[in-house]
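Each remark here refers to the structure printed beneath this line.
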Amino acid sequence: MILDWLLAGALIGTAAGVLLTRDLYRSVVLFIIFGLLMALVWVRVEAPDLALAEAAIGAGLTGVLFLDALGHLNPDKAAAVRQKYRQPLLSGLAFLLALGVTGLLWMALVDSPQPGVHLPEIVDQQLLASGVEHPITAVLLSFRAYDTLLEVAVILVAVVVGLALRFSQEDQPAETQVLSPLLQKMLVWLLPLMLMVAIYLLWIGSYRSGGAFQAAAVLAAMAVLMRMSGTPIPGHSNLYLLRIGLVVGLGLFLLLGSVDLVSGGNFLAWPEGWEKASILVVEGALTFSLGMLLFSLFEASPAPKQASMTRGGGA
Amino acid sequence: MSSLLQELPQLLPWLVILPLFWALFSLALGVLYRHWIAGVFIFLLLATNLILIGQWLLLGDLYYSLGDWDVPLGIQLRLDGVALAMVTVTSLVTAACSLHASTYLDDYPRAQQYFWPLLAFTWASLNVIWLSADLFNLYVGLELLGLSAVGLVALTGQTEALGAALRYLYAALLGSLAYLLGVALIYSGYGQLDLPALSGLLESDASTRLALALMTLGLLLKTAIFPLHIWLPPAHGKALPPVSALLSALVVKASFYILVRLWLEAGLQVVVPSAAQFMGALGAGAVFWGGWMAWRQTELKMLVAYSTVAQLGYLMLIFPLMVGVSPTAAQLAWEGGWLQLIAHALAKAAMFLAAGNLVLAMRRPDIIGLHGVGRFLPFSLLGFGLAGVSIMGLPPSGGFMAKWLLLQSALASGQWWWLLVLAGGSALSAVYIFKVYQQCYIEDTEVDNFRHPSLLLDLSSITLALLALSLGIFSAWPQALLATALSGGGV
C-alpha cells in the first residue's frame, strides 16, 4: 500500500518535472524515468504484458527517439519553443483543465454501473478452442485478431510516413554514432544475449507473458545499439530488403488469416488443427517485421549518409 | 442471377482485405507497376461493392463474425443500409481521386512512391469504420485513418504542408485519446464494446455520461466541427488536390459516422434534447463562421476548405432534429442528414479536384488568377460549377434534396430556428461560390496564358459533380436505403 502511494506520487512528480523543467534534455530523461515508473505501476496492477511493453517501447524506444531528435534540434530554436510553452496563463489553464478531468474521472469511477458481462471469464472458457494457453495472446491473435492486424497496419503507416518525409528532405544531417571502446566490448556480449531474450519472449508468448510486440521491441533496441556503435547490420542498406522486411509481418498475417476464408471458412479463423502453428508463424513474422518497423522509426528521423538509402528506389 | 448472389460466400471482409493487400503490394514494389496495381485493386473493390449491393438487396443486412468468434468475445462486421451507402460512396470517390492522381502526380515524382500505399490504407480504414460496430475496433480504425491522412497531407514535404500535417496530427491524436478514454469507461461499466448490444443497456449515470461526453469531444475534434475546426483549413487547403478531395469528402465523415452511431443508435436513451440542441448550435456556428471565412479567403483551395467547415455544420443538425421529436420528423432528419453527407462527399471531392485543375492551369493559388478562365478553360470550370450547384443547395442537386428534407423535418418538429441556419447557410455559400464564378468571367487578358490540364483530370472532377447533381433527381433510392437503418424509428 505504501509502495503504491509512493509510486503514484513519484509518477505525478516526474510528470510535472517533464513539463516544467527548463532543460529539454533533462525533460527527456525524466520522461524515460516516467516510463519506467509506469511499467512498475503495470506490474502492481498485475498486467505484466503491459509492463514489458511499456518498459521496452514507452521508456526505451521512445526515449531513444526523443534523445535522437534532441540531437538534431537547433539549440536556439529549442529555447524559443521552451519559451512559448512557459506562459504562466496557459500553464495555469492547462493545470485547471487537468484537475477538472481528474475530478470528473474520480466521480465517474464512484458512480459506475456493475458490468453485466464479464469478458475475462468468457475468455477463460474459450481458451482451449483458441489454440494458445495464454489468455492475452488468445485475445490478441485469436478472439480479437482483427484489431491486432489493424494495429500492425497502424505502425506500418507510421513508418511509411517517416520514410516518405525522410525521402523528401533535401539536407541530410550527420550520422549519429557513439564511438566508445567500452560500448564496443560490451556489445560483443550484449547482442547475442538480446537476441536470445527476443526469441525467448516470442516463444513463451503462447503460455505466459511475452509475445511479438515485446520481442520486437528488444530486436529494435538491438538494432539501435548496433547502429549507434557502428556495428554493421546485415542487409541494412538494401532498400528492397528493407521494404520486404517491413511488409512481411502484415502480409503473412493477412495471408494466413485468409487461408480459411478462401477454403470456404472465416476470415482470421486459423486453419483447424493448425491454430497454434499459425499463431506462432504469424508472431514470428510480426516480431521480425515489427522490430524492423520500430527500428525504422529511429532510422527515419536522421537521414543516413549512404546514397543507396536515400536515392534508391526511384524516389 | 439471384441464386448466384445467394450462393456466393460473404464478401464483407474483402472490403478490408483487398485495400490492405494493395497497400502491401505498392509498398513492396515502390513505383513499379503502380498504375496497374491500382487499376486491378480498384476494379476488384468496385466489383466486390456491386456484388454486396446485390446481396444486400436480396438478403437484407449482412453480418460477419471475424474468426468465427461471436460477440461479445469476438468482433462482428455489419453492413446495414447506411454502411452500404458509405461503402459505395467511398468506392466512387476514391476511384475518381485515384484516376485524378494517376495523372496529377506526374508533376510530383517524389510523392508518387508513398501516395499509393497511403491511399490504400485510407480506403481500408474507411471500410473498417463503416463496417464496424465495436467501440474499440472503431478506435483502431480511427487511428489507422488519422495517421494515413496525416501522411497524405505531408506527402509533398513542403513547409506549409508539413506544418499543417503536424497540427492535424496533434488534433487527431488528442481526439483519439479522448475517444479511447470514453471507450475505457464504457468497458469498465458494461463489460462489452459491441454497439448493438450496448444500445439497450446504457444508463444515465455519471460514468456513462462522462464516457459519452469524452467520446463526443474527441469525435467533434476529428470531424472539425466549429469551434474545433482550426486544424482543417490548412490541412485540406495545402495538401495535393486528390488528397484534399479525399480528406474533405470522406475522412472527416468517418468520425461523424461514429458520432451518429453513438448518439442515435447506442445512446438514444441517455442523450437529452438540450445536449442535442447544443450540438445543433455548434453546427449553426460552423455554417456561419465557415461560410464567412470562405468568402474572405484569397486562395482558391483555402476557400474550398473553409466551405467544408461550413458544410459539416449542416450534418450536426441531425441531432436536434432527431432527439425528442415525432417519428416522422426523425425519419426526415435521418434521411436528410445522411443525404447531405453523401451529396457533400461527391460535390466537395469534385470541387477540390476542379480547384486543383484550375490552380494547375493558372500556375498560382489565388482567386485573382482566374481571370479569363471562363473563356479559355470552360471544361475545367465546368466541374467546379456543377459541384457548386450542389454545395449551394440549388435544385435538382443532392445538396438541395438533403437541405429540403432537413427543412421539412425542422418544420415537422416545430424547430423554426434551424430554418434560419439552412437558409442563411445557403445564401452564404452562394456568395462565396459566386465570388469564384465572377472572377472567372472577368476578361483582362486577350492571350491564353493557361496551362491546359489533361482531359482525365477534368473528367474525374466532372463525373463526381454529375453524380452529386443526379443524386437529387434519383434520391428516392438512397433515401429508401438509408431509411432501413433507422430500425428503432424516432424517439
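Residue numbers (our numbering), protein chains in the order written: chain A, 434 to 748; chain B, 2 to 492. In this text, a Cβ means the ideal position worked out from N, Cα and C, and glycines have one as well.
Discussion item. Quick test of your reading: Q114 (chain B) and G183 (chain B), contact by CB under 8 angstroms. State the CB separation rounded to the nearest angstrom.
Written reply: Between the beta-carbon of Q114 (chain B) and that of G183 (chain B) there is about 37 angstroms, and that puts the pair past the 8 angstroms contact cut.
Item to complete: Taking the CB atoms as reference points, tell me whether I76 (chain B) and R577 (chain A) lie closer together than 8 angstroms.
Response: Cβ atoms of I76 (chain B) and R577 (chain A): closer than 8 angstroms.
Worksheet item: Cα separation between A198 (chain B) and G192 (chain B)?
Response: Approximately 11 angstroms between the Cα atoms of the pair.
Practice prompt. Have a look at F227 (chain B) and G314 (chain B) and give me their C-alpha separation to the nearest angstrom.
Written response: Those two C-alpha atoms are separated by around 8 angstroms.
Fill in: Local Cβ density within 10 Å of D604 (chain A), reported as buried at 16 or more and exposed below that
Per-residue confidence for D604 (chain A) stands at a pLDDT of 46, beneath the threshold of 50, marking its modelled position as unreliable; the derived number appears in the next sentence. D604 (chain A) should be labelled exposed.
Worksheet entry | Assigned exposure category for G536 (chain A) - 16 Cβ within 10 Å defines buried | By the Cβ-count criterion, G536 (chain A) is exposed, with fewer than 16 other Cβ atoms from all chains shown falling within 10 Å of its own Cβ.
Worksheet item: Does DSSP put E300 (chain B) in a helix, a strand or coil?
Response: DSSP places E300 (chain B) in strand when its eight states are reduced to three.
Worksheet item: In or out: V448 (chain B) buried (at least 16 other Cβ within 10 Å) or exposed?
Response: By the neighbour-count rule (16 or more Cβ atoms within 10 Å), V448 (chain B) is not buried but exposed.
Practice prompt. Name the residue from B:E266, B:L378 and B:P366 whose alpha carbon lies nearest to the alpha carbon of M323 (chain B).
Written response: Residue B:E266 is the option with its Cα nearest to M323 (chain B).
Discussion item. Give me the subset of the region 163-196 of chain B whose CB atoms are less than 7 angstroms from a CB atom of chain A, sorted by chain position.
Written reply: Within the region 163-196 of chain B, the qualifying residues are L186, S189, G190, Y191, G192 and Q193.
Worksheet item: Nearest to S126 (chain B) by CA position, among B:F116, B:W117, B:L136 and B:G147, is which residue?
Response: Here the closest residue by C-alpha is B:G147.
Discussion item. S149 (chain B) and D122 (chain B) - do their beta-carbons sit closer together than 8 angstroms?
Written reply: Note that residue 122 (chain B) corresponds to Phe in the displayed sequence, not to Asp. For F122 (chain B) and S149 (chain B), yes; Cβs fall inside 8 angstroms.
Worksheet item: Should A388 (chain B) and A362 (chain B) be called a contact, given that it needs their Cβ atoms to be closer than 8 angstroms?
Response: In this structure, A362 (chain B) does not lie closer than 8 angstroms to A388 (chain B) by Cβ.
Practice prompt. Scan the region 65-84 of chain B for residues whose Cβ lies nearer than 8 angstroms to a Cβ of chain A and list them as they occur along the chain.
Written response: When C-beta distances to chain A are compared with 8 angstroms, the residues of the region 65-84 of chain B below that value are Y65, S66, L67, G68, D69, W70, P73, L74, G75 and I76, in chain order.
Worksheet item: Distance, Cα to Cα, A607 (chain A) vs G152 (chain B)?
Response: With a pLDDT of only 46 at A607 (chain A), under 50, the local geometry of the prediction cannot be trusted, and no value is derived from it.
Item to complete: For N358 (chain B), return the contacting residues in chain A, with the cut-off set at a CB-CB distance below 8 angstroms.
Response: Contact note: N358 (chain B) does not reach chain A at a C-beta cutoff of 8 angstroms; the least C-beta distance is about 24 angstroms.
Worksheet entry | Three-pair Cβ contact test at 8 angstroms for the region 247-254 of chain B versus the region 171-178 of chain B | They do not touch, by the three-pair rule.
Worksheet item: Using the beta-carbon count (16 or more within 10 Å), is G638 (chain A) buried or exposed?
Response: By the 10 Å Cβ count, G638 (chain A) comes out buried.
Item to complete: May I have the straight-line CA-CA distance separating I434 (chain B) from G61 (chain B), to the nearest angstrom?
Response: Each residue's Cα considered, the two are about 41 angstroms apart.
Worksheet item: Rounded to a whole number of angstroms, what is the C-alpha to C-alpha distance between A207 (chain B) and M540 (chain A)?
Response: When rounded, the distance between both Cα atoms is 7 angstroms.
Worksheet item: Helix, strand or coil: how does DSSP classify D544 (chain A) here?
Response: If DSSP states are grouped into helix, strand and coil, D544 (chain A) belongs with coil.
Discussion item. Give me the chain A residues within the contact set of E161 (chain B), using Cβ-Cβ distance strictly less than 8 angstroms, ordered along the chain.
Written reply: Chain A residues near E161 (chain B): none, gap ~13 angstroms exceeds 8 angstroms.
Worksheet item: Which residues in the same chain as T581 (chain A) place their Cβ atom closer than 7 angstroms to its Cβ, once the five residues preceding and following it in sequence are excluded?
Response: If we look at T581 (chain A) and ignore the five residues flanking it on each side, its Cβ neighbours are L573 and L574.
Fill in: Boundaries (first-last residue) of the alpha helix (DSSP H) holding Y105 (chain B)
Unbroken alpha helix (DSSP H) run through Y105 (chain B): G82 to Y105.
Practice prompt. Count the other C-beta atoms from every protein chain shown that fall within 10 angstroms of the C-beta of S524 (chain A), then say buried if there are 16 or more, exposed otherwise.
Written response: Exposed, by the Cβ-count rule.
Fill in: Contacts of E8 (chain B) in chain E (Cβ-Cβ under 8 angstroms)
Of the protein chains in this structure, namely A and B, none is chain E.
Discussion item. I'd like to know if the region 294-311 of chain B and the region 422-439 of chain B are in contact, where contact means that at least 3 CB-CB pairs between them fall below 8 angstroms.
Written reply: Touching, yes.
Worksheet item: For G595 (chain A), which option in A:A448, A:F731 and A:G678 has the closest C-alpha, if you only look at C-alpha atoms?
Response: For G595 (chain A), the nearest C-alpha among the options comes from A:F731.
Discussion item. I'd like to confirm the pairing. Which residues does DSSP put opposite L63 (chain B) in its beta bridges?
Written reply: Per the DSSP secondary-structure output, L63 (chain B) pairs in a beta bridge with B:L80.
Discussion item. Just to confirm the assignment, what range does the alpha helix (DSSP H) spanning W703 (chain A) have?
Written reply: In the DSSP annotation of this structure, W703 (chain A) is not part of any alpha helix (DSSP H), being labelled neither H nor E.
Discussion item. Between the alpha carbons of L482 (chain B) and L406 (chain B), how many angstroms are there, rounded?
Written reply: Rounded to the nearest angstrom, the two C-alpha atoms are 15 angstroms apart.
Worksheet item: Between the C-alpha atoms of M619 (chain A) and A443 (chain A), what's the straight-line distance to the nearest angstrom?
Response: Near 32 angstroms, if we compare the C-alpha coordinates of A443 (chain A) and M619 (chain A).
Discussion item. Just to confirm the assignment: which complete beta strand (DSSP E) runs, minimum length 3, are found wholly within the region 180-268 of chain B?
Written reply: As summarised for the region 180-268 of chain B, there are no continuous beta strand (DSSP E) elements at least 3 residues long confined to that stretch.
Discussion item. For F320 (chain B), report the span of its alpha helix (DSSP H) as first-last.
Written reply: Counted as a single uninterrupted DSSP element, the stretch harbouring F320 (chain B) is not any alpha helix (DSSP H), since DSSP gives it neither H nor E.
Worksheet item: Measuring CB to CB, does H345 (chain B) end up less than 8 angstroms from Q298 (chain B)?
Response: Result no, Cβ atoms of H345 (chain B) and Q298 (chain B) do not sit closer than 8 angstroms.
Discussion item. With three or more beta-carbon pairs closer than 8 angstroms as the criterion, would you say the region 355-370 of chain B touches the region 449-458 of chain B?
Written reply: Output reads yes: the region 449-458 of chain B touches the region 355-370 of chain B.
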